[in-house]
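What follows is one structure encoded as structure tokens, with my remarks underneath.
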Amino acid sequence: MQARAVDARRAAVLGKPIAHSLSPVLHRAAYEELGLTGWSYDRFELDEAALPGFVGQLGPEWAGLSVTMPLKRAVIPLLDEISDTAASVEAVNTVVFTEGGRRLGDNTDIPGMVAALRERGIEQVDSAAILGAGATASSALAALARICTGEVVAYVRSEARAAEMRQWGERLDIEVRTADWADAAEALDAPLVIATTPAGATDALAHAVPERPAALFDVLYDPWPTALAARWSMIGGAVVSGLDLLVHQAVLQVEQMTGLRPAPVEAMRKAGEHALAAR
1 MQARAVDARR AAVLGKPIAH SLSPVLHRAA YEELGLTGWS YDRFELDEAA
51 LPGFVGQLGP EWAGLSVTMP LKRAVIPLLD EISDTAASVE AVNTVVFTEG
101 GRRLGDNTDI PGMVAALRER GIEQVDSAAI LGAGATASSA LAALARICTG
151 EVVAYVRSEA RAAEMRQWGE RLDIEVRTAD WADAAEALDA PLVIATTPAG
201 ATDALAHAVP ERPAALFDVL YDPWPTALAA RWSMIGGAVV SGLDLLVHQA
251 VLQVEQMTGL RPAPVEAMRK AGEHALAAR
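Last residue of the sequence shown? That's 279 in full-length UniProt numbering, and every number before it is there in order.
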């Protein structure tokens with residue numbers, strides 16, 4: 001799904017809260033590198049109630065939208081079509097407006113995760129562990145469905161969350177076993193650990209990093225590094241950060257909205273790093 005670069009020159013990220021979003025930094029860096037001097041990318045703080053009115057008044061100058069929480073599900077009824085990837089996790093983070101005025105929804109978080117892992121040489125694993133549950137964990141499961149050939153163990157804090165993760169596993173056709181968060185240190189021996197928890201939630205696990213850690217994907221990027229990521233990296237394990245994910249999902253958004261490929265990965269990454277360093 002693509003918009004024509006010559007016809008549509010506005011884009012934005014929507015969500016609440018939104019002031020912290022790095023999306024404007026990344027997309028504007030891409031526009032500059034691609035020579036799209038007439039393009040703009042803004043941010044709008046909206047909740048679910050305000051979303052239909054906002055989307056309904058957008059004109060033909062709009063190329064697309066980046067959608068973050070809490071709008072990733074709320075936007076779906078407003079769209080003409082969503083991709084199989086978005087449907088698999090019931091979440092849209094990308095809306096593209098076509099020349100004919102159709103609204104197409106996609107989810108670039110999932111292929112963005114896969115791309116971030118592959119960039120670090122992680123093409124396939126025979127098992128994995130997920131720390132946490134919720135929306136990001138379901139996206140992580142969908143990404144693992146593409147690269148993990150065996151079992152995924154999800155460490156969660158409640159039986160309700162455990163049941164939710166098992167249901168996602170069935171839906172995504174990937175084997176999921178759940179375990180109690182109290183045993184989360186066991187996760188660190190997995191070939192790939194994906195931490196989807198809020199800031200501080202994994203700090204107590206830093207002391208339990210094994211002598212030869214494999215790969216850690218920590219979806220946080222601010223503050224960075226987390227205590228777990230810092231310890232993991234110090235011992236010599238491979239670490240993929242939330243900024244890596246943010247960049248790669250934004251790369252796919254830029255390509256879809258502008259119709260230009262490839263998007264400038266390194267320029268976008270450097271812009272993100274600079275913005276984070278300035279915070």
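Even glycine gets a Cβ: it sits at the ideal position worked out from N, Cα and C. Quick caveat, the model's predicted, so the values are computed rather than measured.
Identity of the residue in R261, A185, V251, L260 nearest R269 by Cα: Residue V251 is the option with its Cα nearest to R269.
Looking at C-alpha atoms only, which residue of W181, G272, A145, L71 is the closest neighbour of A49? The shortest CA-to-CA distance from A49 to any of W181, G272, A145, L71 is the one to L71.
On the three-state DSSP scale, how would you describe T85? Three-state DSSP puts T85 in a helix.
I'd like the list of long-range same chain contacts for A29, defined as Cβ closer than 7 Å, with 5 residues on each side in sequence excluded. Result list for A29: A267, M268, A271, in chain order.
Rounded to whole angstroms, what's the CA-CA distance from S138 to C148? Just pull it up for me. Roughly 14 Å separates the two Cα atoms.
Could you say which of V92, R157, V114, D218 lies nearest to T196 if we only look at CA atoms? Check the Cα spacing between T196 and each of V92, R157, V114, D218: the tightest is with D218.
Taking the DSSP output, what are the residues bridged to S66? Answer is V13, T94.
First through last residue of the alpha helix (DSSP H) which encompasses T178: For T178, no alpha helix (DSSP H) segment is defined; the enclosing uninterrupted segment is the beta strand (DSSP E) at 176-180.
Going by alpha carbons, who is nearest to G101 out of V55, A135, A87, E119? Per the Cα distances, V55.
As a quick exercise: from R10, P60, P210, pick the residue whose alpha carbon is nearest that of T37. The option with the nearest alpha carbon to T37 is R10.
Which one or two residues does DSSP pair with F217 in a beta bridge? Paired residue(s): I194, V240.
Which residues bound the beta strand (DSSP E) around S138? First-last for S138: 135-147, but that is the alpha helix (DSSP H), not the beta strand (DSSP E).
Below 8 Å CB to CB, which residues in the same chain sit around A145 once its five sequence neighbours on both sides are set aside? The residues are L172, D173, I174.
How many Å lie between E123 and M165 at the Cα? About 23 Å.
Per DSSP, A129 forms a beta bridge with which residues? Answer is V153, V193.
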